[in-house]
Amino acid sequence: MPIQAEGVPRKVADPFDFGGGHIEPDRAVDPGLVYDIDPKEYTRFFNCTLGPFDDCDSYMGQLYQLNLPSIAVPDLKDSVTVWRTVTNVGAAEATYTAAVEAPAGVEVSLEPSTLTFSGGGSRSAAFKVTFRAMQRVQGGYTFGSLTWLDGSAHSVRIPVAVRTVIQDNVSDTC
Numbered sequence: 001m002p003i004q005a006e007g008v009p010r011k012v013a014d015p016f017d018f019g020g021g022h023i024e025p026d027r028a029v030d031p032g033l034v035y036d037i038d039p040k041e042y043t044r045f046f047n048c049t050l051g052p053f054d055d056c057d058s059y060m061g062q063l064y065q066l067n068l069p070s071i072a073v074p075d076l077k078d079s080v081t082v083w084r085t086v087t088n089v090g091a092a093e094a095t096y097t098a099a100v101e102a103p104a105g106v107e108v109s110l111e112p113s114t115l116t117f118s119g120g121g122s123r124s125a126a127f128k129v130t131f132r133a134m135q136r137v138q139g140g141y142t143f144g145s146l147t148w149l150d151g152s153a154h155s156v157r158i159p160v161a162v163r164t165v166i167q168d169n170v171s172d173t174c
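Per my numbering, the very first residue in the sequence shown carries number 1; after that it's consecutive.
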């Protein structure tokens, strides 16, 4: 049977209920890539969600850009582009290729789809992910993932959650 979420009403669990993955301690010691973020970004995010502060208007429009190891787009009308940066903490020379599992009803494009790190080059690489609504519905969240693979030991997966909308301010009903 499918995993059931706790709470009322009962429903089949989704990634919001059971999380983004499993912990494997041996692999955690050598993750390959990490999504590094400056703690000041968390502070700014927290402060701007509490109320209007200086520069929050422009910042709140960029919340998709918080360099988290996940991507959530709660209001996809047409298209949204999200940027992420990964830092190579593995071998100095490495090449990672992306594998994308698109959420249902959403087209996902990624640039670049390959990240190459060289011994003398930068240890960080930025990439952009563009989400385009293929179904014009006021829907619930659909889920997918983005995985960076180096062809050997590393598989760096982040969950993706997208909710398509037709118009703003339509409440969800149970």
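All C-beta atoms in this analysis are idealised placements derived from N, C-alpha and C, irrespective of residue type, glycine included.
Residues in the same chain with beta-carbon distance under 6 Å from residue i, minus the five sequence neighbours each way, listed in chain order, please.
i	result
residue 17	5
residue 175	Beyond the ends of the chain as shown, which are 1 and 174, falls residue 175; an answer cannot be given.
residue 81	128 and 130
residue 104	142
residue 158	69, 70 and 146
residue 115	96 and 125
How should residue i be labelled, buried or exposed, when 16 other C-beta atoms within 10 angstroms of its C-beta is the threshold for buried?
i	result
residue 148	buried
residue 29	exposed
residue 125	buried
residue 26	exposed
residue 8	exposed
residue 88	buried
Can you list, in chain order, the residues of its chain with a C-beta nearer than 8 Å to that of residue i? Leave out the 5 residues immediately preceding and following it.
i	result
residue 119	92 and 93
residue 12	2, 3, 4 and 5
If residue i and residue j are in contact, beta carbons under 8 Å, what's the gap, nearest whole angstrom?
i	j	result
residue 138	residue 165	6 Å
residue 106	residue 76	7 Å
With DSSP as the reference, identify every bridge partner of residue i, one or two as the case may be.
i	result
residue 71	160
Counting only runs that start and end within the stretch 100 to 152, where is the beta strand (DSSP E) found for 3 or more residues in a row? 106 to 111, 114 to 117, 124 to 133 and 141 to 149, all fully within the stretch 100 to 152.
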